[in-house]
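*Asks:* The structure follows.
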Amino acid sequence: MKAPYEIIRRPLITEKSTQQKEENRQYVFEVDPEANKIEIKEAVEQLFRVKVLKVRTLNVLGKIKRLGRRYGKRPDWKKAIVTLREGDRIDFFEGA
54 MKAPYEIIRR
64 PLITEKSTQQ
74 KEENRQYVFE
84 VDPEANKIEI
94 KEAVEQLFRV
104 KVLKVRTLNV
114 LGKIKRLGRR
124 YGKRPDWKKA
134 IVTLREGDRI
144 DFFEGA
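With our numbering applied, the sequence shown closes on residue 149, and no number is skipped along the way.
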């Protein structure tokens, strides 16, 4: 099994994820594309010392971008939406 920091790459801070956090106790992370739901759950519980109730994952396809005449593609990545139990929370910006 990989280390928790290899599975959880970064939190995704967007308007939608902030709304999900406030209303439903759901946090959104960019995760390793090879990681499964069980590994993601264990990594979040170890890193943030919280209890995870549910993990939902989705694969995000990279966009096709153009620079001049050339076309390129951004990399594909995996997103995980983690639901925490009542009373648990994760503070990304403590002291800010």
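Idealized CB from N, CA, C, for every residue including glycine. Remember, predicted model here, so these are calculated numbers, not experimental data.
On a CA-only basis, which of 77, 65, 128 is nearest residue 86? Give me that one, please.
*Replies:* Taking only the C-alpha atoms, the option nearest residue 86 is 128.
*Asks:* Could you round the C-beta distance between residue 83 and residue 62 to whole angstroms and report it? I think they count as a contact, below 8 Å.
*Replies:* 5 Å
*Asks:* Express the C-alpha separation of residue 140 and residue 92 in angstroms, rounding to a whole number.
*Replies:* 23 Å
*Asks:* Whole angstroms are fine: how far does the CA of residue 138 sit from the CA of residue 120?
*Replies:* 45 Å
*Asks:* Would you identify the three-state DSSP class for residue 97, choosing helix, strand or coil?
*Replies:* Of the three classes helix, strand and coil, the one that applies to residue 97 here is helix, per DSSP.
*Asks:* If distances are taken between C-alpha atoms only, which option among 56, 144, 55, 70 comes closest to residue 101?
*Replies:* When only C-alpha atoms are compared, the closest one is 144.
*Asks:* Can you tell me whether residue 139 is helix, strand or coil according to DSSP?
*Replies:* coil
*Asks:* What residue from 107, 131, 64 has the CA that sits closest to residue 115's CA?
*Replies:* Nearest option by C-alpha distance: 131.
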